[in-house]
Amino acid sequence: MKLYPIFADLRGRTVLVVGGGGVAERKAMALLEAHARVRVVAPVLNDGLAALAEAGRIAVHRGGFEEGQAQDAWLIIAATADRALNARIAELGERRRVFVNVVDDAELSQFHVPAVIDRGPVTVAISSGGAAPMVSRLLRERLESWLDHSWGPLAALLGHMRGAIAARYREPGARRRFYERLLRGPLLDRLRAGRDAEAAQCVRDAMASKQPAAAGVVVLVGAGPGDPGLLTLHGLRALNEADVILHDRLVSEEVLALARRDAERVAVGKEAGNHHATQEAIHALMLRYAREGKHVVRLKGGDPFVFGRGGEELEFLRAHGIAYRVVPGITAALACAAYAGVPLTHREHASTVRLVTAHGQVSGGSPDWQAWARERETLAVYMGVSELGQLQARLIEHGRAGHTPFALVENGSRMGQRVVTGRLDQLDTLAHAHAVRSPALAIIGEVAALAGSLAWFGAPPLGTDEASLCPPAPVISLAAQA
Ligand code: SAH
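The sequence shown runs 3 to 484 under this note's numbering.
If you want it as structure tokens, here you go:
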């Protein structure tokens, strides 16, 4: 470790900032937040610093830097563009044993100022040892989104109750187990929702119960269409807190890889031809794990409430008195449209989108074909690829023009995404010619034509031209297209 990290208590202590520009101003502001007594030395001050001086928040020496000004300083920050002056200040620090930071100069600095995430009273500081401040900044951005705002209140609450907890659990092991159990419960959720009083009650309840039975919960999480970047932060959090993950086969490996390592993963889902039995088996599994007090994540492709049987699962959980939550996901229609460059609505082409499923509908069910076939509307069809022929025939039969554009998106948002475009009357033929496989989503309507010009992800759309009619090996045909 090149640098030794410390958190300094600067309340009421003098810090000298040399420089009068924007950088000095930023440093002064950060120091003021830590309640330091800030003294600025510079011949000229920018507007921000002048305003701070005016308001009496900083002391100012107008003029050049002199050694005497550093007399009572605990720290010095050199924020001037004059390297010789910065070096002189650093040398003074060395001699007088006052720590000096020279902004953006790791070489001259005796201490570095880290990138910071502030979740008061929790502070996370990141340093790259001066090697690559940009990396620290990028890392901070990542962590910012992960460390939600419940961590501050959590630390404040546990800080407040720390004495009582230590008295109740004298043995360190017991104390650690208590904290782990506490954090797995609803505490963080309560804090996130701003229900501080209930959160405090969670802690008291946990302390009151001798052998508190962990209450099981099922979180229905939408995993999105495959690209792990499309998972929500709540979804990611749920995956990190899970004991068991019951996931659909449609959920991508990349998303599963984000889950807690020691969470048990169980692939569940529709075996062809046996929907009912599988759904019952899923219900039974959720119930069993939840009753064991587990934190269960039921992870579904796309959004759990869009053709995902999420409603049925919640009804079941409710009927059995199991607590549940729902985290929405990006549904295939939205993701496929975005990743194929097809705006689902467009002022000139469509102001209505219909999300429909052709599963079992086309052959057995009786959809409102008249409505599905309306012009200047967008139809997003979740389906089995085998239903395309029927779909095409019925839409045309009910008045949709044969020349209506479509975009058929296979593996939307994933590495192997393919988009096949054409006219409605060629839908089935082109799907066969390109050997489109599940999962695939058909977008039918005037907007689909935009895929040709707005595509941005993966290989360009495949159409009717000879070159794009490749043998049924998606990866090879993609390479041939590129
Ligand atoms: N709940 C899911 C849909 C489940 S139904 C959601 O909201 O997206 C399954 C159908 O969704 C598939 O047959 C396919 O039509 C569509 N689908 C799901 N993921 C897809 C993907 N990555 N690319 C294309 N279609 C997808």
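By construction, the Cβ of each residue, glycine as well, lies at the ideal position given by its N, Cα and C atoms.
Run of the alpha helix (DSSP H) containing residue i, from where it starts to where it stops
i                 : result
histidine 162     : 153-170
phenylalanine 318 : 312-321
tyrosine 6        : Note, tyrosine 6: premise wrong, no alpha helix (DSSP H); not H, not E.
isoleucine 91     : 85-98
histidine 63      : Looking at the DSSP string, histidine 63 is not in any alpha helix (DSSP H); the run it does join, the beta strand (DSSP E), is 61-64.
valine 221        : Element bounds for valine 221: not the alpha helix (DSSP H) but the beta strand (DSSP E), 219-224.
glycine 435       : For the sequence presented, residue 435 should be read as alanine rather than glycine. Element bounds for alanine 435: 429-435.
glutamate 146     : 135-148
alanine 453       : 453-456
leucine 336       : 334-342
Contact check, residue i vs residue j, beta carbons under 8 Å
i                 : j                : result
alanine 382       : leucine 346      : yes
arginine 416      : leucine 464      : no
valine 298        : methionine 288   : yes
aspartate 370     : glutamine 394    : no
glycine 50        : glutamate 27     : yes
leucine 154       : proline 123      : The sequence shown places glycine at residue 154, not leucine. Yes.
alanine 442       : valine 411       : yes
isoleucine 78     : alanine 72       : yes
valine 219        : arginine 327     : yes
valine 100        : phenylalanine 67 : no
valine 270        : alanine 283      : yes
alanine 92        : valine 105       : no
arginine 194      : serine 138       : no
phenylalanine 309 : tyrosine 384     : yes
glycine 224       : aspartate 305    : yes
leucine 316       : histidine 249    : no
valine 126        : leucine 159      : no
alanine 373       : leucine 397      : no
leucine 489       : alanine 55       : As displayed, the chain neither begins before 3 nor continues past 484, which places residue 489 out of reach and without an answer.
tyrosine 181      : valine 246       : no
Three-way DSSP call (helix, strand, coil) for residue i in this model
i                 : result
alanine 484       : Because the pLDDT at alanine 484 is just 33, under 50, the model does not fix this residue reliably, and the value given afterwards should be weighed accordingly. Coil at alanine 484, not helix or strand.
alanine 274       : Note that alanine 274 has pLDDT 49, beneath the 50 cutoff, so the model's placement of it is unreliable and the number below is only indicative. Correct three-state label for alanine 274: coil.
asparagine 103    : strand
tyrosine 384      : strand
glycine 231       : helix
arginine 13       : coil
alanine 244       : coil
proline 123       : coil
arginine 420      : strand
phenylalanine 307 : coil
leucine 397       : helix
glutamate 109     : coil
arginine 192      : helix
leucine 18        : strand
leucine 260       : coil
leucine 252       : coil
glutamate 412     : strand
cysteine 472      : The predicted model places cysteine 472 with a pLDDT of 49, which falls under 50 and marks its position as unreliable, so this point remains unresolved.
arginine 2        : In this structure the chain extends from 3 to 484, so residue 2 is not present and cannot be described.
glycine 407       : In the sequence under discussion, the amino acid at residue 407 is proline, which differs from the glycine named in the question. Residue state, collapsed to three classes: strand.
isoleucine 79     : strand
valine 25         : helix
glutamate 266     : strand
alanine 450       : helix
isoleucine 128    : strand
alanine 325       : strand
arginine 425      : strand
Residue i, enclosing beta strand (DSSP E) - first and last residue
i           : result
lysine 302  : 297-302
valine 115  : Run containing valine 115: none; DSSP gives neither H nor E here.
leucine 443 : 442-446
Residue i beta carbon near ligand 1 (any heavy atom closer than 7 Å)
i              : result
valine 308     : yes
methionine 417 : no
leucine 443    : yes
tyrosine 384   : yes
alanine 340    : no
alanine 461    : no
lysine 302     : yes
valine 422     : no
serine 388     : no
threonine 333  : yes
proline 369    : no
proline 227    : yes
**Q.** Contiguous beta strand (DSSP E) assignments of at least 3 residues, all confined to the stretch 347-382
**A.** 355-359
**Q.** Those runs of the beta strand (DSSP E) which lie wholly inside the stretch 27-51 and span at least 3 residues
**A.** 39-44
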